[in-house]
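Here is the structure we will look at.
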Amino acid sequence: MDVIRTLKEHFDPNYIMNPGGTLGLDLSPEQKEKRWSKNLEG
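For the sequence shown, the positions run 1 to 42 when full-length UniProt numbering is used.
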């Protein structure tokens, strides 16, 4: 994720494109702890 975050900051320094919601870069710590997808392996 560090690479994606670095690229985003480089190409969109003013955050006008805001893919953070799609990529999960702007999640709060509480949101990061939640499981956002089902376990498809089990």
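All C-beta atoms in this analysis are idealised placements derived from N, C-alpha and C, irrespective of residue type, glycine included.
What you are looking at is a predicted structure, and each value in this text was computed from that prediction instead of being measured.
Could you give the distance in angstroms between the alpha-carbon of residue i and the alpha-carbon of residue j?
i, j, result
"P29", "K8", "20 Å"
"K34", "L27", "10 Å"
"L23", "Q31", "13 Å"
"M17", "H10", "12 Å"
"N14", "V3", "18 Å"
Determine the DSSP secondary structure at residue i, reduced to helix, strand or coil.
i, result
"K32", "helix"
"D26", "coil"
"I16", "coil"
Excluding the 5 residues flanking residue i on each side, which residues of the same chain have their C-beta closer than 7 Å to its C-beta?
i, result
"R5", "L25"
What residues in its chain sit with their C-beta under 6 Å from that of residue i, if we drop five residues either side in the sequence?
i, result
"M1", "none"
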